[in-house]
Amino acid sequence: MTSVADSLYDLTFTDNHGAEVPMADFTGKPVLVVNTASKCGFTPQYDDLQKLHEELGPLGLVVLGFPCDQFGHQEPGNDGEIEEFCRVNYGITFPLSTKIDVNGSNTHPVFDYVKNRAGGKLGSAIKWNFTKFLVAPDGTTVKRYAPTTKPSEIAGDITALLDS
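No gaps in the numbering here: position 49 of the sequence shown is 770 in my numbering, and each next residue is one more.
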């Protein structure tokens, strides 16, 4: 599947309360897009993601979590259960989408876009939870980070985008 969008800002997603969110709302801001899961070894990265949201959000960073159950059935809950888990265990206040697919024929358009803009070492397919994509404020430049890369380790890249 090839993305037809020219910019991330041409797309939308549905938040975990059922509201359609235009990515255009984030025009001119760096956006960190992450496929998340509640029962994964990388789930503690929610702490770092929330910290980035709290520290760099007021400067313009947008953190978006996209729950996905495509890897080892590590996101089994419904949208309400996922939100409660994230709030209670990690204090998450950044936006979460409804549960989506990041690979295959039902790949969400946001992930189709970021994967095609920043392929991985083994092709564009996402291999596991907590793959991270940093989209520059221009909405077209995308940098990909492995699940093993802690969100705190990309703070410098985010700060550079905020300063540009």
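Every residue, glycine too, gets a C-beta built ideally from N, C-alpha and C.
DSSP state of residue i mapped onto helix, strand, coil
{"i": "D833", "result": "helix"}
{"i": "E741", "result": "strand"}
{"i": "N850", "result": "coil"}
{"i": "L732", "result": "coil"}
{"i": "S845", "result": "coil"}
{"i": "D822", "result": "strand"}
{"i": "T869", "result": "coil"}
{"i": "T748", "result": "coil"}
{"i": "T880", "result": "helix"}
Buried or exposed (CB count within 10 angstroms, at least 16 for buried), residue i
{"i": "N810", "result": "exposed"}
{"i": "E796", "result": "buried"}
{"i": "P872", "result": "buried"}
{"i": "A867", "result": "exposed"}
{"i": "T723", "result": "Note that T723 scores 48 on pLDDT, short of 50, meaning its location in the model is unreliable and no value can be drawn from it."}
{"i": "D833", "result": "buried"}
{"i": "S885", "result": "exposed"}
{"i": "H738", "result": "exposed"}
Continuous beta strand (DSSP E) stretch holding residue i: start and end
{"i": "L785", "result": "V783 to P788"}
{"i": "T757", "result": "V752 to T757"}
Start-to-end residues for the alpha helix (DSSP H) that takes in residue i
{"i": "V809", "result": "D800 to Y811"}
{"i": "K772", "result": "Q766 to L777"}
Neighbourhood of residue i by C-beta distance below 7 Å, restricted to the same chain and skipping five residues each side
{"i": "T733", "result": "E741, V742, P743 and M744"}
{"i": "Q766", "result": "F851, K871 and P872"}
{"i": "F806", "result": "S759 and G798"}
{"i": "S845", "result": "K836 and N837"}
Closer than 6 Å: residue i CB and nearest the ligand GTP heavy atom
{"i": "D884", "result": "With respect to small molecules bound, the structure shown includes none, and the ligand GTP cannot be examined in it."}
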